[in-house]
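*Asks:* After the structure tokens below, expect a handful of questions from me.
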Amino acid sequence: RGGVLPLPIAEEAAKAGAEATASAYRTLVNAGAAGPRTELLAIDAPAYDRLASGLPIDADLPPELTAPEANLRTGDPVPVVISSALASGPAALAVGSRLNVTIDGRPTPLRVVAIRDSFPTITPGGAFMVASVPQLNASRAIHLQTSDLFVAASDDAIPALRELAASQASPMTITTRAEVSDRVRASPIVRAVGAWVTVAAIAGAAYAALAVIAALALAAGARTAETGILRTFGLTRRQAATLAVAEHGPVVALAIVLGVALGAGLFVLLRPGLGLTGVVGSPLDIPLAVEPPALTLLVAYVVGVAALGIAVGVAIERRPQIATIIRRGIG
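Numbered per my numbering, the sequence shown finishes at 351, counting up by one with no gaps.
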């Protein structure tokens, strides 16, 4: 990203190891006579669509933006995607609305074809428009300059691309997705949220463990008489422990399966309302992923708590004297 990038920058980036590129032009415009100051991002839509396909930055562009620019004649309205802020604000734009904006001093007609809450590389919640560079060039009969360049490249190509940026006469800044992710993780609000979530998780796990152990202990206390009677028939302490495991084991296994499914389902259901886009500063929709190490640790914790509760219960069942149980009877 820079002011005005040199024309052969895409070819030079390919020589430096870029696998794919898509040029873009970014500026500010007035969204119609009553509209607010709006960020306009004009991208080489077909190239961007190929570059971002299958990646988290895939914007799922409407077909109108990737249509051949040859379908447009000079002066035809250019298809544009607008933000929800423009649809609900003073401009009151909707799909099918037409408006005129001034780009580099030249009036340009636009036609709204889609409304989005967010778009990659644009700050969430603001007013923005997204159009296709080839279509704008065809309608305006003049080529827009390149101010941004989207690049798909491996980590090994990053040093060469940085050298290319440093060698240019005009100032250029390279920003990688890894750098953005690191900044987000290091931000105070993300650290604070992570810390409080950790504290809440530890407190919740401690209370849950206490509740499970108490429930198993109470259940063992209720079975004391029955266990005592069985001991008069030769039930050993090991057999009593095995009986407790056989009684509670299936319940613990079912609780683990239902707990993981319920937790994942609640996250998917509540994620849209958590406001993570405003916290992270990115509209990317990260799919739910259950990491095997974390799941293994969770299962081990639940099994450990259940084992401790069963051990406490077995110890409680051993306390009554057999003679006392016989005199009392099963009832």
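We put the beta carbon where it would ideally sit given N, CA and C, even for glycine.
Note that the structure is a prediction, hence the values are computed from the model and not measured.
(1) As a quick exercise: from 59, 46 and 41, pick the residue whose alpha carbon is nearest that of residue 66.
(2) For residue 122 and residue 57, what's the separation of their Cα atoms in angstroms?
(3) May I ask you to report which of helix, strand or coil DSSP gives residue 86?
(4) Which whole-angstrom value is the C-beta distance of residue 156 and residue 101, which I expect to be below 8 Å?
(5) Here's the rule I'm using: 16 or more other beta-carbon atoms within 10 Å means buried, otherwise exposed. How should residue 163 be labelled?
(6) DSSP on residue 25, reduced to helix/strand/coil?
(7) Based on the DSSP output, what are the partners of residue 103 in its beta bridges?
(8) If we require 3 or more residues per run, which beta strand (DSSP E) segments fall completely within the stretch 125-182?
(9) Cα-Cα, which of 182, 138, 146 and 147 is closest to residue 32?
(10) Given that a residue counts as buried once 16 or more other Cβ atoms are within 10 Å of its Cβ, and exposed if not, what is residue 335?
(11) If we call anything under 8 Å between Cβ atoms a contact, is residue 69 one with residue 44?
(12) Just to confirm the assignment, what range does the beta strand (DSSP E) spanning residue 48 have?
(13) Mapping DSSP to helix, strand and coil, what is residue 119?
(14) Whose C-alpha, out of 286, 285, 274 and 331, is nearest the C-alpha of residue 319?
(15) Taking the alpha-carbon of residue 137 as reference, which of 128, 150 and 130 has the nearest alpha-carbon?
(16) Closest by CA to residue 46, which one among 269, 128, 167 and 177?
(17) Taking C-beta to C-beta, are residue 172 and residue 39 nearer than 8 Å?
(18) For residue 220, is the classification buried or exposed, using 16 other Cβ atoms within 10 angstroms of its Cβ as the cut-off for buried?
(19) According to the neighbour-count rule (16 or more other Cβ atoms, all chains shown, within 10 Å of its Cβ), is residue 29 buried or exposed?
(20) Go through its chain and collect everything with a Cβ distance to residue 237's Cβ below 8 Å, but skip five positions before and after it.
(21) Starting from residue 113, trace the beta strand (DSSP E) both ways and give me its first and last residue.
(22) Take the Cβ of residue 222 as the centre, count every other Cβ of all protein chains shown within 10 Å, and call the residue buried at 16 or more, exposed below.
(23) Determine, using beta carbons only, whether residue 154 and residue 199 come nearer to each other than 8 Å.
(24) Distance check for residue 93 and residue 51, CA to CA, integer angstroms please.
(25) Under a three-way DSSP split, which group does residue 57 fall into?
(26) Once you ignore the five residues that flank residue 235 on each side, which residues in its own chain have a CB closer than 8 Å to its CB?
(27) Can you list, in chain order, the residues of its chain whose CB lies under 7 Å from that of residue 78, leaving out five sequence neighbours each side?
(28) Secondary structure at residue 63, three-state DSSP: helix, strand or coil?
(29) If you check the beta carbons only, do residue 49 and residue 60 fall under 8 Å apart?
*Replies:* In this structure, then:
(1) Minimum Cα distance to residue 66 is reached at 41.
(2) Near 12 Å, if we compare the C-alpha coordinates of residue 57 and residue 122.
(3) It is helical.
(4) That pair is no contact at about 13 Å.
(5) Residue environment: residue 163 is assigned as exposed (fewer than 16 neighbouring CB atoms within 10 Å of its CB, all protein chains considered).
(6) Under the three-state reduction of DSSP output, residue 25 falls in the coil class, being neither helix nor strand.
(7) Residue 103 is bridged to 136.
(8) The stretch 125-182 contains these whole beta strand (DSSP E) runs: 126-136, 148-152 and 168-172.
(9) Nearest to residue 32 by alpha-carbon distance, out of 182, 138, 146 and 147, is 182.
(10) The Cβ neighbour count for residue 335, taken over all protein chains shown within 10 Å, is under 16; the residue is labelled exposed.
(11) For residue 69 and residue 44, no; Cβs fall outside 8 Å.
(12) Here the beta strand (DSSP E) through residue 48 covers 40-50.
(13) Residue 119 sits in a strand when the DSSP states are folded into three classes.
(14) For residue 319, the nearest C-alpha among the options comes from 274.
(15) Relative to the Cα of residue 137, the nearest Cα in the group 128, 150 and 130 belongs to 150.
(16) Of 269, 128, 167 and 177, the residue nearest in Cα terms is 167.
(17) Judged by their CB atoms, residue 172 and residue 39 are nearer to each other than the 8 Å cut-off.
(18) Around the beta carbon of residue 220, fewer than 16 other beta carbons sit within 10 angstroms, so the residue counts as exposed.
(19) By the neighbour-count criterion, in which a residue is buried when 16 or more other Cβ atoms sit within 10 angstroms of its Cβ, residue 29 is buried.
(20) Within the same chain, Cβ atoms closer than 8 Å to the Cβ of residue 237 are found at 329, 332, 333 and 336, the five residues on either side in sequence being excluded.
(21) Element bounds for residue 113: n/a, residue is neither H nor E.
(22) The residue in question, residue 222, is exposed, as its Cβ has fewer than 16 Cβ neighbours within 10 Å.
(23) The Cβ atoms of residue 154 and residue 199 do not sit closer than 8 Å to each other.
(24) C-alpha separation (whole angstroms): 22 Å.
(25) Looking at residue 57 - three-state DSSP - the assignment turns out to be strand.
(26) Result list for residue 235: 329, in chain order.
(27) Taking C-beta separations shorter than 7 Å and ignoring five residues to either side along the sequence, the partners of residue 78 in its chain run 72, following chain order.
(28) Three-state DSSP puts residue 63 in a strand.
(29) In contact: residue 49 and residue 60 (Cβ atoms closer than 8 Å).
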